[in-house]
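Under this note's numbering, the first residue of the sequence shown is numbered 10, with each subsequent residue one higher. Remarks on the structure that follows.
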Amino acid sequence: MESSNPRFTDRQALWRELEQGEHAWDLIVIGGGIIGAGILREAARRGLKALLVEQQDFAWGTSSRSSKMIHGGLRYIAKGDLKLTRDSLQERERLLREAPGLIERMGYYFTLRKWRFPGRIPFGILLWIYDWLAGIKDHHFFRPDAVEQHYKGIDSTGLSGAMYYTDTVTDDARLVLRILQDAIAAGGQALNYARVESLLQDDGQVVGVVLENTEESTALEVRARAVISATGAWADKLRNEVNPEKRIRPLRGSHLVFRTERLPVADALTMLHPEDKRPVFIFPWEGTTVVGTTDLDHNAALDEEPTITEEEVDYLLLVVDKLFPQHRISREDVISTWSGIRPVIGSERSKNPSHERRDHAVWTDKGLVTVSGGKLTTFRLIALDALHAAAGTLGDPAVTEDTDAVFTTPTISAQDLDADHDWAKRLIGRYGDRAKAILDSADSDDERRPIEGTGFCLAECRWAARNEAVLHLDDLLLRRTRLGCLLEQGAASLFDPLQPICAQELGWDDTRWQYETERYLQIWRDYYYLPVTGR
Numbered sequence: 010m011e012s013s014n015p016r017f018t019d020r021q022a023l024w025r026e027l028e029q030g031e032h033a034w035d036l037i038v039i040g041g042g043i044i045g046a047g048i049l050r051e052a053a054r055r056g057l058k059a060l061l062v063e064q065q066d067f068a069w070g071t072s073s074r075s076s077k078m079i080h081g082g083l084r085y086i087a088k089g090d091l092k093l094t095r096d097s098l099q100e101r102e103r104l105l106r107e108a109p110g111l112i113e114r115m116g117y118y119f120t121l122r123k124w125r126f127p128g129r130i131p132f133g134i135l136l137w138i139y140d141w142l143a144g145i146k147d148h149h150f151f152r153p154d155a156v157e158q159h160y161k162g163i164d165s166t167g168l169s170g171a172m173y174y175t176d177t178v179t180d181d182a183r184l185v186l187r188i189l190q191d192a193i194a195a196g197g198q199a200l201n202y203a204r205v206e207s208l209l210q211d212d213g214q215v216v217g218v219v220l221e222n223t224e225e226s227t228a229l230e231v232r233a234r235a236v237i238s239a240t241g242a243w244a245d246k247l248r249n250e251v252n253p254e255k256r257i258r259p260l261r262g263s264h265l266v267f268r269t270e271r272l273p274v275a276d277a278l279t280m281l282h283p284e285d286k287r288p289v290f291i292f293p294w295e296g297t298t299v300v301g302t303t304d305l306d307h308n309a310a311l312d313e314e315p316t317i318t319e320e321e322v323d324y325l326l327l328v329v330d331k332l333f334p335q336h337r338i339s340r341e342d343v344i345s346t347w348s349g350i351r352p353v354i355g356s357e358r359s360k361n362p363s364h365e366r367r368d369h370a371v372w373t374d375k376g377l378v379t380v381s382g383g384k385l386t387t388f389r390l391i392a393l394d395a396l397h398a399a400a401g402t403l404g405d406p407a408v409t410e411d412t413d414a415v416f417t418t419p420t421i422s423a424q425d426l427d428a429d430h431d432w433a434k435r436l437i438g439r440y441g442d443r444a445k446a447i448l449d450s451a452d453s454d455d456e457r458r459p460i461e462g463t464g465f466c467l468a469e470c471r472w473a474a475r476n477e478a479v480l481h482l483d484d485l486l487l488r489r490t491r492l493g494c495l496l497e498q499g500a501a502s503l504f505d506p507l508q509p510i511c512a513q514e515l516g517w518d519d520t521r522w523q524y525e526t527e528r529y530l531q532i533w534r535d536y537y538y539l540p541v542t543g544r
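Take a look at the structure:
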């Protein structure tokens with residue numbers, strides 16, 4: 010049974026408790042992305058007194074800027090990495106069972122062209138192995154006329170058909186929040202906008218962290234039996250306090266977002282990019298169409314938000330033009346963009362970013378456990394590996410729950426919500442049993458209705474402001490909801506109905522509201538839209 014826990018919302022109260030040293034922590038988890046959330050969830054399930062801290066907002070980094078796909082990774086089979094593919098596919102199927110409405114199966118069509126790699130037979134063998142590892146049978150071959158019927162306006166020149174298979178799609182930021190909510194309900198604690206300035210060491214062993222409250226510029230020491238750094242692309246920074254080795258190769262992946270009316274696709278469509286033969290996807294997501302991704306070394310400062318470049322815009326638009334030349338899509342059709350940094354474990358052998366392996370690594374240095382790399386899909390397995398690495402100080406506590414499920418099974422069903430069945434399923438997938446409270450907390454019927462062109466509603470905004478540690482407007486519009494990426498001009502059209510919600514739930518007066526809207530629009534223009542000329 011889920012329980013309410015005020016620590017997720019009352020960060021000031023938690024900070025005061027940290028100042029007073031009221032808790033004897035078993036574990037401090039650094040990093041509020043998917044891996045950190047997974048570690049906190051598994052620690053809480055084992056009865057450990059665990060605290061997660063995040064220097065920005067939850068899911069601020071890679072975990073809100075991925076390609077939104079829970080997938081096995083076809084290319085890993087081609088590279089002979091059957092274990093990574095098998096683990097990913099088994100986790101994919103588990104997550105589909107545990108969180109319907111949050112993680113949904115989606116069709117993928119890989120276009121085949123005459124006299125071009127790959128051919129139907131080798132690709133069919135690849136998909137047979139893929140489905141066999143997953144324990145399903147979803148792949149098919151579609152003839153050219155069927156592909157043309159499914160994707161209106163697709164270029165039929167040399168088209169010999171398409172291979173069809175399935176993977177899944179999700180809202181990555183909401184996935185992180187759902188895991189955090191279940192972790193907190195099980196006894197964990199989480200604090201955003203709390204940066205680890207340095208590690209605490211006694212006799213050469215890591216025993217805690219120096220923590221800064223970035224909203225108030227105050228600092229304190231927090232000690233624990235074990236410290237796990239799950240900071241992704243930032244992993245080298247803290248690890249270098251106890252080990253000078255550099256292992257992380259930050260790679261940037263960028264995406265373009267279009268209105269569905271301009272680029273309608275019912276399922277994901279894949280082609281190999283004509284320049285570098287990397288697979289690029291055009292897929293439906295949250296009422297829009299997304300094109301991605303790129304794969305480039307990211308050399309900018311990691312603490313600055315990543316942003317798409319002109320070269321990446323041109324790279325992705327070329328794929329759209331090749332597949333749908335009749336649509337005449339241009340940069341003027343882009344409604345938003347996002348860029349994320351993949352924490353890839355670098356090797357000396359690979360100069361090509363796309364050739365780097367995507368498995369994870371765990372290091373233990375003087376009591377600090379560092380975990381990085383890996384895939385969104387396998388976050389649970391990565392979390393378990395990290396906890397196992399900390400067993401020297403934590404032991405190997407048994408799970409105290411009667412299931413190994415990541416997500417708490419909701420006690421309500423779609424029929425319990427006074428809403429469209431599919432939309433009710435979506436809400437339960439994202440919030441569990443809290444879905445009913447979200448609709449019940451709405452101030453009006455208008456707040457309960459999906460915002461046009463999206464699956465989000467204002468009641469979710471009210472709930473997030475009240476219950477999900479929202480400190481800034483970008484927390485609300487870019488991570489608690491994804492409205493800033495789904496609506497034109499960063500969803501500025503919603504400012505009028507959002508202002509009273511933020512006033513009532515967050516206590517923002519007119520001066521604070523003006524500051525937050527200006528701050529948010531600057532962030533959106535700089536990092537979630539087309540690049541500034543010359544950047």
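Just so you know, even glycine gets a beta-carbon here, dropped at the ideal spot from N, CA and C.
For L272, there is no enclosing alpha helix (DSSP H), since its DSSP letter is neither H nor E. Of I532, K384, E525, the smallest CA-CA separation from T94 is found for K384. Counted as a single uninterrupted DSSP element, the alpha helix (DSSP H) harbouring Q158 occupies residues 153 to 159. With a contact defined as Cβ atoms closer than 8 Å, V215 and G376 qualify at about 4 Å. Less than 9 Å separates the beta-carbon of V251 from that of L208.
In chain order, T177, V178 place their CB closer than 7 Å to the CB of E113, counting only its own chain and leaving out the 5 sequence neighbours on each side. Boundaries of the alpha helix (DSSP H) harbouring W472: 467 to 476, taken from the DSSP string.
Shown here, S76 sits in coil according to DSSP, grouped into three states, outside any helix or strand. Our two residues, L311 and D449, have alpha carbons roughly 41 Å apart in a direct line.
In the three-state reduction of the DSSP assignment, V329 falls in the helix class, which pools H, G and I. The three-state reading of DSSP puts A398 in helix, counting H, G and I together. R25 is the residue among R25, Y440, P459 whose C-alpha sits nearest the C-alpha of V231. Sequence-distant Cβ neighbours of L57 in its own chain, meaning closer than 6 Å and more than five residues away, are D35, L36. Note on geometry: alpha-carbon atoms of A68 and W124 lie some 43 Å from one another. CA-CA distance, E514 to L247, rounds to 36 Å. Here A203 is bridged, per DSSP, to N222. Relative to the Cα of G170, the nearest Cα in the group R183, A395, K445, L121 belongs to L121. Under DSSP, Y117 shares a beta bridge with Y174, A277. Residue pairing of S345 in beta bridges, as defined by DSSP: V266.
Between R389 and G70, the gap from beta carbon to beta carbon reaches 9 Å or more. When the alpha-carbon of L539 is set against those of L325, A444, L503, L426, the nearest one is in L325. DSSP, read as helix, strand or coil, puts S339 in coil. Below 8 Å, too few C-beta pairs join the stretch 471 to 479 and the stretch 491 to 506 to call them touching: fewer than three. Where G355 is concerned, there is no enclosing beta strand (DSSP E), because DSSP gives it neither an H nor an E.
Going by C-alpha positions, F465 is about 12 Å away from L485. At a Cβ-Cβ threshold of 9 Å, L327 and E28 do not count as neighbours. Rounded to whole angstroms, the Cβ separation of P259 and P131 is 33 Å, and the two are not in contact under 8 Å. Taking the Cα positions, I338 is about 8 Å away from R271. For D304, the closest of E313, L111, V289 by C-alpha to C-alpha distance is V289. With a 10 Å radius around the Cβ and a threshold of 16 neighbouring Cβ atoms, R55 comes out buried. By the Cβ rule, the stretch 103 to 112 counts as touching the stretch 178 to 197, because three or more pairs are nearer than 8 Å. The Cβ atoms of T240 and G382 do not sit closer than 9 Å to each other. In the DSSP annotation of this structure, the continuous segment of the alpha helix (DSSP H) that includes T94 starts and ends at 91 to 107. Burial state of D66 is buried, judged by a 10 Å Cβ sphere holding 16 or more other Cβ atoms. Within the stretch 290 to 334, the runs of beta strand (DSSP E) that reach at least 3 residues and sit entirely inside it are, in chain order, 297 to 301.
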